[in-house]
Each structure stands twice: as C-alpha cells, then as structure tokens.
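In the order they appear, the protein sequences are chains Y and V. Going by the working numbering, the letters in the first sequence line up with residues 21 to 575, in that order. Going by the working numbering, the letters in the second sequence line up with residues 31 to 91, in that order. In this text, a Cβ means the ideal position worked out from N, Cα and C, and glycines have one as well. Computed from a prediction, not measured in an experiment: that's the story for all the values here. To start, the structure itself, in structure tokens.
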Amino acid sequence: MTLLIVLVSVYLFLTGYLGYRGWKETKTAADYMLAGGDTHPVVMALSYGATFISTSAIIGFGGAAAVFGMSLHWLTFLNIFVGIFVAFVFFGARTRAMGHHLKAHTFPELLGRRYNSRGLQAFAGAIILFFMPIYTAAVLMGGTYIVASRLDINYETALFGLSMIVAVYVIMGGMKGVMYSDAMQGALMFFGLLTLLFLTYYKLGGITEAHEKLSALTPLAIENFGPSGHQGWTSMPAFGSKYWWIVMSQITFGVGIGVLAQPQLAVRFMTVKSSRELNRAVLVGALFILVTVGVSYFVGPLSNVFFMSVAPNGAEAPIGKIALMAVGGKTDEVIPQFMKLFMPGWLGDLFFVTLLAAAMSTLSSQFHAMGTAASRDLWQNLTGRTSEKQAIIATRIGIFATFLLSVTLALSLPKLFANHAGEAIIARGTAIFFGICAASFLPLLIGGLYTRFITKAGAIWGCIAGFAVSTVWLFFIKESETKALKPLTGIDSYAPQIKAFLGDLLPKWVLLPEVDPTVVALPCSILVTVLVSLVTRKYEAAHLDDCFCRINGKR
Amino acid sequence: MPFLVLGLPDPWVAAAILLSVLITAVCVIYGFLRWNKGDNTPPGDETIRWAREEREIDEEL
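Right, dumping it as structure tokens:
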C-alpha cells in the first residue's frame, strides 16, 4: 500500500508539474506550432498513443481476450495497419492541410466546412455529444474495476472516487492536452505493459511453453464455450459461429476500421507542426500500439493458465477454474483480478498508476471533444452567436451533462448486463461508439479528403443513413443489446423475422443477431453517399478549389 | 502434424500475430527512411492563424 501511495503521489505530482509547466510555458500542440521549435517525434507519438489506448483497451479488450482468445490479435494488426499506418500516411497530412485552410478546430467543423453545411456540423456534433458518453463510460469502467480491485473497495465507491479525480483533472485544465503530460502518461503505459508481458511469460516458462500450456486447455474452452463456436484460446472461433461474428465483425472490423473516424484522434493531425513529424510518428506509434494493445491480447488468454494451474499470491493451491468462471462471469474483472492474484504487489501498484494514466489521457481528449461539440458545433454553429462568454457557458454545460451521463452509464451498465455472464461490457461499449463513428463519418471523411465527387446532399444523406442503420440495428436487431435493453424498451430482437423474410437469400453462415451494426451500416452509408451524389447538384468549382488548395500544394 | 508457430496450433492466429509484427516493422522502416523527408517549412500564415485560434479555444476550455 505504501508503494501504491508513493507511486500515485509521484504520478499526480508529475502530471500536475507538467500541466503547470504547460500552463506557464504554454506547451500545448498549438503553442509548439506558434513557437516554431520541433516537437520531438517520441513526444508526439506517445501523446497520440495515450489518447488512442485507454483502460478500455487494456481492461475491457484484455478481458474479452480472456474469453475469446488470441484471435483478437487481428485487432492488434488492424490497430497498427489502419490506426497508425493508414491514418498517419494517408489521412494525416490531408486532414492537417484542409483543417488549417478551412479554419476547422473540431472534427464536425472539418466536415461542416468541407461540405459547406452547418446542419452536417451540428448533426456530427450531436452524435459526439450523445454517443461518446458510451465510450467515456467504458473508459471509466475500466479504471473503476482496477481501483476497486487494488484498493479492495466496492465498484460504486471506486467509481465515485475516480469520477471525482477526473472532475478535478478536467477542471484543473486537463483537457488542454499538454503534450508532455500526455507523453508521460504514454511512456508510463508503454513500460508498465512491457513489464507485465515479460513477467507473464517468465512465470509460465517462456513464449512457446506458455502457448502450449494454453493450447492444452482447449478441451476446457470447448466444454465451456463450445456451443458458441470456441475452439480453444490459441485458435480462431469456428467460422460463422456466434463467437466468430463477435470477434471478427464487432471487435476486429468495428473497432479496427472505426478508429479512422474517431473525432478525438482525427483532430490530432491538425495539431501537428509539419508533415515530416507525421512520418516520424509512424515509427514510434506502431511500436507503442504493438506493445500496449498486443500485451493485453497475450495476457488476457494466458490468464486462463494462471487461474487454472498457478497458485495465487499467498495461496498453496491453484484456483482450478478458467478465468471467466474464477471471476464470477464478469469479463471486465479478469485483468484486475489476474493482477491482484498472480502478479507481484509492486507490479500491481505500477499497473494501477499505468491504468490511471491510460484513463486520464483518453478521458481528457474525450471531454475536449464533447466540450467543443457543445460550444462550437452546436451552440455557436446553430445560433450564430460568437460571444466568448456564452461559448464558455455552453462548454461547461456540455461537459457537465456528458460527465453526468458517462458516470450514470458506468454505474448502470454493469447492472443492466448483470445476468449476462461473459458479456464484455467495456469492449462492447467501445465498439458501439467506434462503429457509429465509422458508419456515420468514414465515407464523408475519405470522400472529403480525396475526391471532389461527393455532393452536399450525398454527404448529409450518407451520414444520416450510416447513423440510422447503425442505431436501428443496435436497438432492434443485435441480440445481446436488445436483450439487455428489454427491461427498458420491452422490445425483442427482430432478427428472426428478418431471417424468415430473407429466407434462402441469407447465407447459412450469416448469424444475423450477432452481426455488428457497422458491417451493415457502413456499406449502406457508402451506397447512399455515392447514389445521392450521382443525382444531386455538384459543388461550385470555386468551393472545391478552395478546400483542396493546400492539398494541391498551394499554400 | 499441426501448423505450429510459437506453440500456436492455428495458422490464422499465428498469422494475426506475425502480421502485427510485420506491419510494425514496415512502419519502423517507413518512419526511419522518411525521418527527414516531408514538408518541414516554417508554418505559413494560415497555420499560424489556426494555431492562435486553437490556443484561444484551449484557454476557453
């Protein structure tokens, strides 16, 4: 406990000190651009990575990996390929150039100005304001589980305490995104998780030995989850099974592709000083994601070997149950309990601070996105009023309301899913938001940065179609969500009726109730955008020339 | 004889892990080769104006 207090104090002191330095020397990304000096690529990549990776990835997706197994590494691959390589190489410089020229400071503002539509900006702002709290709640829940487990307090008390820390952090200026604070948090996450990976494999006798021990548990995996398609923690789920659809459509596709259209990540490209910095950040960013995401998807499945055959700290006999059963069916508790029971106390303390850092860096960027959505994208955009005072009030109301909504969701979601053992609530919440963003914004973003083809009507209707199909599928067809929400809505999934309607047109391997909304909504959004653009009025050439002038090399 | 890489029996899982390492290597090589490439001219008027506005928004928050 003493070490924990010391580590937390050092962490809070450093965050406070770097924040203070940032305040005194104004070292936000914008200040770097104004000051004219170089941002160190490591600082830039770490601060981006810290925003990207949160407690949701480590606790939520790590816990999901304890259930689904190492097949989740397809998401590691997509996170690096799409989230770093494609994002930085193909989106970074264009987002930056267009954003600066159009004077856009938020993601909805970029879309709104590119498509010359205040309505589109307001709609995108509203999506962020109303749906990002699901993702914020997922990050909060991840942090809460680790606090509750490490300090041996109940979930509600831990959530209250963490929420207070977050509130103070936000009030004290945490949203300013001081680059050194973010980079420090990123560095902490990198080394904390690397240590966890090393110790996990070391305790199991090496990489190959550990994997062989996990493969030896395959009969147990099949016994517990076989009917859902599980084939062992070192194998893919059976093609077309329930688990295959969860892993491939929801976790891998939804989150892996959705990262490109994440509002709080896309705006990061605008705060980069030069395109050279983007090139440099690719190197550091990929290594960072490989370690932070990869570790969770190795440690999660391997926790089953520990729970089955390794004696916990201070005990003589192993628990003798697989991870999910050992933690009472709560997927999101696997990693916190694994840390508590099998890792040395000092690493548990270090991990606690690591996770605190992971939560803070992501939460600060989320509240930044929600605050600016309330003030710039909704209030100023819709009323046309530019008064600074009113904008500040709108920001405060927006942040306070979304904060309350996020905490309420973090409090109620575990209760709502209490009877759904094995439900990865944090991962699912994250995937829902990533999916909605992908379906609503991705075609517009790619089309807006790369083509002159999309019309105003095409952009608006594409965004509406993506959002509508996503939410309708989520609330009326996706079985796990409709089941959990039934006490509130009284609605059962319509998947059986749709299946009966489609009959033989629907291939047998398509498990409709488990198909992620993004799989359906993204193609719909692309189709509507293209079709409507084909038949509606094009933009004036002058507007398009203006939007693309920086990209085409004219400064 | 099952396909075994790092003790993993399923080639699809092994492929995901190897591809993750491979794409990281591609990113490292890309970043290394282009370390000093790309535009690094001082920020133009638009960028400076944008950064000033961004700082004001940060202050408002």
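Considering only C-alpha positions, which residue in the set the options is nearest to residue i?
i: F423 (chain Y); options: Y:A394, Y:L402, Y:L436; result: Y:A394
i: V30 (chain Y); options: Y:M90, Y:F180, Y:Q205, Y:A107; result: Y:Q205
i: I185 (chain Y); options: Y:S384, Y:L522, Y:S500, Y:S460; result: Y:S384
i: F143 (chain Y); options: Y:A515, Y:F461, Y:W529, Y:C567; result: Y:F461
i: L23 (chain Y); options: Y:L140, Y:F371, Y:A379; result: Y:F371
i: K360 (chain Y); options: Y:G340, Y:A379, Y:F327, Y:A378; result: Y:F327
i: F259 (chain Y); options: Y:M64, Y:V63, Y:V302, Y:S91; result: Y:S91
i: I100 (chain Y); options: V:G68, V:R85, V:I53, V:D88; result: V:I53
i: L34 (chain Y); options: Y:D202, Y:L140, Y:I413, Y:E408; result: Y:D202
i: L66 (chain Y); options: Y:S545, Y:I484, Y:H388, Y:G305; result: Y:G305
i: Y559 (chain Y); options: Y:I104, Y:S137, Y:A124, Y:Y68; result: Y:S137
i: R114 (chain Y); options: Y:D524, Y:I474, Y:Y470; result: Y:Y470
i: V354 (chain Y); options: Y:G320, Y:A337, Y:M380, Y:L532; result: Y:G320
i: L63 (chain V); options: Y:A301, Y:A459, Y:V159; result: Y:A301
i: M64 (chain Y); options: Y:V313, Y:F180, Y:E297, Y:H563; result: Y:E297
i: L436 (chain Y); options: Y:M152, Y:I419, Y:K506; result: Y:K506
i: T403 (chain Y); options: Y:V109, Y:G139, Y:G69; result: Y:G139
i: G368 (chain Y); options: Y:D172, Y:R472, Y:A479; result: Y:D172
i: T549 (chain Y); options: Y:C457, Y:I480, Y:L182; result: Y:I480
i: F108 (chain Y); options: Y:G145, Y:I147, Y:V279, Y:V190; result: Y:V279
i: T18 (chain Y); options: Y:G455, Y:L525, Y:I474, Y:T254; result: The displayed coordinates of chain Y run from 21 to 575. Any statement about residue 18 (chain Y) would go beyond what the structure contains.
i: A485 (chain Y); options: Y:M209, Y:S169, Y:I546, Y:I419; result: Y:I546
Among residues of its own chain, excluding the 5 on either side of residue i, which ones have a beta-carbon nearer than 7 Å to its beta-carbon?
i: L224 (chain Y); result: A230, K233, L322, V325
i: T502 (chain Y); result: F495, F496, I511, D512, S513
i: R134 (chain Y); result: M118, L122, G468, C567
i: S316 (chain Y); result: A77, I78, F81, G82, A85
i: V87 (chain Y); result: L344, T351, G442, A444
i: T46 (chain Y); result: For T46 (chain Y), the predicted model reports a pLDDT of 46, less than 50, meaning its position is unreliable; a value from the coordinates is still stated below. Correct list: empty, nothing qualifies.
Give a yes or no on whether 8 Å exceeds the smallest Cβ distance from residue i to chain V.
i: L310 (chain Y); result: yes
i: S255 (chain Y); result: yes
i: R405 (chain Y); result: no
i: H125 (chain Y); result: yes
i: S269 (chain Y); result: no
i: T96 (chain Y); result: yes
i: T228 (chain Y); result: yes
i: G314 (chain Y); result: yes
i: A306 (chain Y); result: yes
i: I104 (chain Y); result: yes
i: I576 (chain Y); result: This structure does not reach residue 576 (chain Y), given that chain Y is present from 21 up to 575, and the question cannot be answered.
i: F101 (chain Y); result: yes
i: S235 (chain Y); result: yes
i: H60 (chain Y); result: no
i: E232 (chain Y); result: yes
i: H563 (chain Y); result: no
i: H250 (chain Y); result: no
i: K574 (chain Y); result: Because the pLDDT of K574 (chain Y) is 45, which lies under 50, any placement of that residue in the model is unreliable, and the number read from its coordinates should be weighed accordingly. It does not; no Cβ of chain V falls within 8 Å.
How would you call residue i, buried or exposed, if buried means at least 16 neighbouring beta carbons within 10 angstroms?
i: G119 (chain Y); result: buried
i: N66 (chain V); result: exposed
i: E129 (chain Y); result: buried
i: F72 (chain Y); result: buried
i: D40 (chain V); result: buried
i: V555 (chain Y); result: exposed
i: D565 (chain Y); result: exposed
i: W529 (chain Y); result: exposed
i: D536 (chain Y); result: buried
i: T177 (chain Y); result: exposed
i: Y68 (chain Y); result: buried
Going by beta carbon distance, what residues of the same chain come within less than 6 Å of residue i, once the five residues before and after it are set aside?
i: L465 (chain Y); result: A281
i: Y155 (chain Y); result: T450, F453
i: W42 (chain V); result: none
i: F127 (chain Y); result: P283, A286, V287
i: S295 (chain Y); result: A113
Going along the chain, which residues of its own chain have a beta-carbon closer than 8 Å to the beta-carbon of residue i, five neighbours each way excluded?
i: G226 (chain Y); result: none
Checking contacts by CB at 8 Å: is residue i closer than that to chain Y?
i: E76 (chain V); result: yes
message: If the cut-off is 9 Å on Cβ atoms, which residues from the segment 388-401 of chain Y count as contacting chain V, listed in chain order?
response: H388, G391, T392, S395, R396
task: Please name the residues in the segment 287-303 of chain Y whose beta-carbon is closer than 9 Å to at least one beta-carbon of chain V, in chain order.
output: M290, T291, K293, S294, S295, R296, E297, L298, N299, R300, A301, V302, L303
task: Anything in the segment 155-175 of chain Y with a Cβ closer than 8 Å to a Cβ of chain V? List those residues in chain order, please.
output: none
Chain V contacts made by the segment 66-92 of chain Y, where a contact means CB separation under 7 Å: M90, S91
- prompt: Closer than 7 Å, Cβ to any Cβ of chain V: which residues of the segment 124-148 of chain Y, in chain order?
  reply: H125
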